[in-house]
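Chains A and B, in that order, give the protein sequences. Offset between the first sequence (1-based) and the numbering used here: plus 3. Offset between the second sequence (1-based) and the numbering used here: plus 3. Even for Gly, the Cβ is constructed at its ideal location relative to N, Cα and C. These notes are about the structure you will find just below.
2 protein chains.
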Amino acid sequence: MNNIHGIIEQAEQQCKTHRTRLTEKRKQVLSGLIESDKALSAYELIDFCKENYGLNISAMSVYRILEFLEGEHLAHKLKLANKYVSCAHISCTHAHGVAQFLICSECSKVKEVYIKPTTMADLQKTAQDAGFMLIGPELEMNCLCDDCLAQVA
Amino acid sequence: MNNIHGIIEQAEQQCKTHRTRLTEKRKQVLSGLIESDKALSAYELIDFCKENYGLNISAMSVYRILEFLEGEHLAHKLKLANKYVSCAHISCTHAHGVAQFLICSECSKVKEVYIKPTTMADLQKTAQDAGFMLIGPELEMNCLCDDCLAQVA
DNA sequence: CTCCGTAATGTTATGTTGTAACATTGTGTT
DNA sequence: AACACAATGTTACAACATAACATTACGGAG
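Structure representation (structure tokens):
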């Protein structure tokens, strides 16, 4: 189930069970995030939707829709890059560990992987020893993807 | 050597060896970051310097100075919070591991600790397996500090 | 089916963060 | 003293984000 229609369908199902609405606009914005296949800033996403779907959408709307999508765990905001990505695992049903976002600083490609529980425990312990408690413990890390690394080399 | 004068003196020494200039303005901005003892946005830093040192400084200047301080490793930009902090270890001479910034989302207090090499290796391996290479691998994590945690509870 | 309340979207204005471009001033060197 | 370059000043603007209020769409009660 990797095609975009399948993913969107999954997203609709999920919203239905949450009694929320995946409206046409929200669907288009989510599609934009998925199809672009990388992290986009809100304004880049506006442009993408305009160019690819002929969709005119205001900054206000995009931010509201992104907020909704985040609430449904259909998208994430990457604070390192000030950009937004679709969740990598919309169409899978099993639970995941803590997410680690690998962000290519060259091309904004993003891979969402999962931290080993033991690694997470290490990080948590370090924090606790310092008098801090981790909250919202997803990790974002600046990377180069192999493609961009190859270009540099 | 924990008093602010000592730290500033260290910073000056360091700049001298790098043949760069820690000017009066730069010194004041760095002092602001140190004395506030938390992460400040650029504009908060402007206000802090204004209120505490009577220093009038433009946004442009602050950004330029922050850039300089980052280059000298006297300050860090925290992208999670869009704020800036002074480096915790200006006045120590020995090398450190990879920094992990624990940021209290309530009060912006920041603690800079160091990741165990084994933990770092784990993170790196996960990234590599996914086709990404970590760069600038400092870690920032959203936390609550014990003080703020106590207030909530 | 209609009416109503709420959710969603539109619209306008504005706040916040960050930088570009060019002018001026300061500082060390010859 | 003259020069070169570093630092700062000044103005304007770009990019990111939200507040406040108007309008439209939609689902449920009657």
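Item                                                                                                                     : Value
Beta-carbon proximity list for Val-65 (chain B), same chain, < 7 Å, skipping 5 on both sides                             : Val-32, Ala-45, Leu-48, Ile-49
Val-113 (chain A), enclosing beta strand (DSSP E) - first and last residue                                               : 113-117
Opposing strand residues paired with Gln-103 (chain B) [DSSP bridges]                                                    : B:Val-116, B:Leu-142
Cα-Cα separation between Leu-72 (chain B) and Ser-34 (chain B), rounded to whole angstroms                               : 11 Å
Residue-level contact to chain B via CB, Asp-149 (chain A), 8 Å cutoff                                                   : yes
As assigned by DSSP and simplified to three states, the class of Leu-147 (chain B)                                       : strand
Neighbour flag for Gln-154 (chain B) against chain A, beta carbons, 8 Å                                                  : no
Residue nearest to Leu-142 (chain A) in terms of C-alpha spacing, selected from B:Ser-111, B:Gln-103, B:Asp-149          : B:Gln-103
Same chain, Cβ closer than 6 Å to Ile-138 (chain A), five either side skipped, listed in chain order                     : none
Backbone CA spacing between Tyr-117 (chain B) and Ile-106 (chain A) [nearest angstrom]                                   : 22 Å
Member of A:Thr-26, A:Asp-150, A:Cys-52, A:Thr-23 whose CA lies at the smallest distance from the CA of Ile-37 (chain A) : A:Cys-52
Ser-108 (chain B) at chain A interface by Cβ criterion, 8 Å                                                              : yes
Buried or exposed by the 16-neighbour rule on C-beta atoms within 10 Å, applied to Ser-61 (chain B)                      : exposed
Backbone CA spacing between Ala-84 (chain B) and Cys-148 (chain B) [nearest angstrom]                                    : 15 Å
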